[in-house]
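Below is one structure, written out as structure tokens; the observations come after it.
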Amino acid sequence: MFSNIMPEVRSEDSVVRYYCTAGNGMEPFLVDEVKRKLAAQDVYQIPGKVLFSSSATIRRVCDLKAAERLFLLLKQDSPVRLSTHTSPAKAASVLQSRLLGDGCQWISAVRTWSRLQGELAASRNAVTASTTQRDREKGRGCEKQSDEGLKCLQESRKRRHEFTSEESDEKRRRGREEGARLSPDLEKVDDVSEPKKVCADYSKIELEQNLESCRKNTDDLGKDAPLGSVENVSFRINCKCSGKLHRCVSAQEVSRVMGIGLSRLLGWKADLKNPKLEINVYLNDDYCLLGIPLTRLPLANRSYLKTPGLRSTVAWAMASLALIEPGSCVVDPMCGVGTILIEAAKEHKAACFLGVDIDDGQLQKADENVVFAELQSRVHLLKASSTALPLPSASVDAVVCDLPFGRKFSTRINMAENLPVILSEMERFVFFVSKTILVNRKKKKRKKKVFSLFYIL
Numbered sequence: 001m002f003s004n005i006m007p008e009v010r011s012e013d014s015v016v017r018y019y020c021t022a023g024n025g026m027e028p029f030l031v032d033e034v035k036r037k038l039a040a041q042d043v044y045q046i047p048g049k050v051l052f053s054s055s056a057t058i059r060r061v062c063d064l065k066a067a068e069r070l071f072l073l074l075k076q077d078s079p080v081r082l083s084t085h086t087s088p089a090k091a092a093s094v095l096q097s098r099l100l101g102d103g104c105q106w107i108s109a110v111r112t113w114s115r116l117q118g119e120l121a122a123s124r125n126a127v128t129a130s131t132t133q134r135d136r137e138k139g140r141g142c143e144k145q146s147d148e149g150l151k152c153l154q155e156s157r158k159r160r161h162e163f164t165s166e167e168s169d170e171k172r173r174r175g176r177e178e179g180a181r182l183s184p185d186l187e188k189v190d191d192v193s194e195p196k197k198v199c200a201d202y203s204k205i206e207l208e209q210n211l212e213s214c215r216k217n218t219d220d221l222g223k224d225a226p227l228g229s230v231e232n233v234s235f236r237i238n239c240k241c242s243g244k245l246h247r248c249v250s251a252q253e254v255s256r257v258m259g260i261g262l263s264r265l266l267g268w269k270a271d272l273k274n275p276k277l278e279i280n281v282y283l284n285d286d287y288c289l290l291g292i293p294l295t296r297l298p299l300a301n302r303s304y305l306k307t308p309g310l311r312s313t314v315a316w317a318m319a320s321l322a323l324i325e326p327g328s329c330v331v332d333p334m335c336g337v338g339t340i341l342i343e344a345a346k347e348h349k350a351a352c353f354l355g356v357d358i359d360d361g362q363l364q365k366a367d368e369n370v371v372f373a374e375l376q377s378r379v380h381l382l383k384a385s386s387t388a389l390p391l392p393s394a395s396v397d398a399v400v401c402d403l404p405f406g407r408k409f410s411t412r413i414n415m416a417e418n419l420p421v422i423l424s425e426m427e428r429f430v431f432f433v434s435k436t437i438l439v440n441r442k443k444k445k446r447k448k449k450v451f452s453l454f455y456i457l
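To convert, note that position 10 of the sequence shown is 10 in UniProt numbering; the numbers rise steadily by one, no gaps.
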């Protein structure tokens, strides 16, 4: 069932073995997504993680919405077995034997990682160039308007000078009268031209800001540069031990043993502060898993969200359950900052969305998020109460909502008492063949938060 050695990747079209981490209960959504979007093969699900193989480009892999973090798979193996009576020397020998393996495996994996980083860098540069070109065109359009306004002003002043330079007294008098008549119009031209000059100056500032924003967003994916050589690589080990193994050896000890072993095996140098390569190790009673992170920031950190609300992966999962079709109208009657609507709009390009909330502050943040995500044409906002929405009956195809129960955000009403009224209102304006997707928060022991998704047919 387990494979110890990852196959070497030799070309752009070769299949690469990845694994992603996922939130509690999100594994089925991630399995479905990698199969549907990446045509993934050999998909294997374990608690909190999904392993898969795909020949898709790294940029497409990084566009996964249900994943938390993305890793290049180094090793997947059966669990390491140690007893509490095992001596430290014996434990170190077992760990190095099981976790390190053959040096060729590590060199092959690092070369694959470096190639993927190069692809991410190329994609990042392409996005930056596209944004730069679009902003320059916008700036040129604004400067053209400014030039036209300035030209109009100069022609008007020239005509006024011609009127006042006539030698004849009669013409001078008529010129003065004409100049007096045109004076208000010229003042209007001055008023119009000044904002256009400001617009031209502002376009340069906006261009610089957009470029900086683009660089910041694309840095989320593959900030590391590709390695020129697999020799003298600086690295760091991040280890997490759980289960019975944790009683026999600590995560720090595993990291130390692996660090010493890699330095001896490949001549790499350990660097805890600023390593070029980071290696994640997961050890428990069920499996042994090693991987290299492909992005510095989690995939769940959306670059198109200015103010996050509900966890983006959960919001995406809710939208996927709604089975949104082209031309559908989707409503969130308690939208908050609009996370669910934005995730749904990014995934479904041919649908329209309406967010409703009673709180002005939340609507303001939602509007900022919609503008930041450039979805103004498809996501609209409305201030209203969820108990009495100004919508015709059977006018909505789907409802997706994160019910606020006053834990993270305060509520003005008692949600437990008003929930039947809210659900009755949803039933009124939702078309009878559609589905309503709600998320409810429950607490278990140790105050652990659990999300429960359910349908209302």
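Using N, Cα and C, we set each Cβ at its ideal position, and we do this for glycine too.
Exposure of N24, with buried meaning 16 or more beta-carbon neighbours within 10 Å: exposed
For Q376, three-class secondary structure by DSSP: coil
Express the C-alpha separation of A416 and E374 in angstroms, rounding to a whole number. 36 Å
Below 8 Å on the Cβ atoms is my contact criterion, and I expect L100 with G261 to pass it. Report the Cβ-Cβ distance as a whole number of Å. 5 Å
Three-state secondary structure assigned by DSSP to S250: coil
Assuming A398 is part of the beta strand (DSSP E), what are its boundary residues? A398 to D402
8 Å CB neighbourhood of R98 in its chain, flanking five on each side removed: D77, V80 and C288
Let me check one thing: in DSSP terms, what residues is L30 bridge-paired to? The partner list for L30 (beta bridge, DSSP) is empty, contrary to what the question assumes.
Check D271 in the structure and name its three-state DSSP category. coil
In angstroms, rounded to a whole number, what distance separates the CA positions of V330 and L423? 16 Å
When you compare each of L305, S255 and L266 to residue 458 by their alpha carbons, which one comes out closest? In the structure displayed, the chain extends from 1 to 457; residue 458 sits before or after that span and is not available.
Output the distance between the C-alpha atoms of V421 and V399, rounded to the nearest integer angstrom. 15 Å
For T84, which residues of its own chain have a beta-carbon under 7 Å away from its beta-carbon, when the five flanking residues on both sides are left out? R247 and C248
How big is the Cα-Cα spacing for I437 and A319? 8 Å
Report the rounded CA-to-CA distance for C401 versus E347, giving the unit in angstroms. 17 Å
Give the range of the alpha helix (DSSP H) segment to which V430 is assigned. No alpha helix (DSSP H) contains V430, which DSSP labels as neither H nor E.
Does the Cβ of K240 have 16 or more other Cβ atoms within 10 Å, making it buried, or fewer, making it exposed? exposed
Start and end of the alpha helix (DSSP H) containing V61? I58 to V61
3-residue-minimum beta strand (DSSP E) runs that sit fully inside the segment 292-359, ordered along the chain: 329-332 and 352-357
Taking Cβ positions, are F71 and L294 nearer each other than 8 Å? yes
Taking the beta carbon of K49 as the centre, do at least 16 other beta carbons fall within 10 Å, making it buried, or is it exposed? buried
Counting along the chain, where does the beta strand (DSSP E) carrying S242 start and finish? S242 -> no beta strand (DSSP E), and no H or E assigned at all.
Would you kindly work out how many angstroms separate the C-alpha atoms of K244 and V15, rounded to a whole number? 35 Å
Given that a residue counts as buried once 16 or more other Cβ atoms are within 10 Å of its Cβ, and exposed if not, what is S312? buried
Go ahead and label D332 buried or exposed: buried means 16 or more other beta carbons lie within 10 angstroms of its beta carbon, across all protein chains shown. buried
Compare the beta carbon distance of L354 and H380 with 8 Å and say whether it is the shorter of the two. yes
How long is the line joining the alpha carbons of L51 and A384, rounded to whole angstroms? 44 Å
Does the beta-carbon distance from L73 to Y19 come in below 8 Å? yes
Whole angstroms is fine: what's the gap from R69's alpha carbon to N284's? 19 Å
Given that a residue counts as buried once 16 or more other Cβ atoms are within 10 Å of its Cβ, and exposed if not, what is K90? exposed
How would you call F235, buried or exposed, if buried means at least 16 neighbouring beta carbons within 10 angstroms? buried
Whole angstroms is fine: what's the gap from D219's alpha carbon to R124's? Since pLDDT at D219 reaches only 46, below the 50 mark, its modelled position is unreliable, and no value is offered.
With burial defined as no fewer than 16 other Cβ atoms inside 10 Å of the residue's Cβ, what is the status of V61: buried or exposed? buried
Counting along the chain, where does the beta strand (DSSP E) carrying L283 start and finish? L277 to L283
Am I right that G336 and V370 are in contact with their C-beta atoms under 8 Å? What's the rounded C-beta distance? G336 to V370, Cβ: 12 Å. No contact.
Where does K349 land, buried or exposed, given buried means 16+ other C-beta within 10 angstroms? exposed
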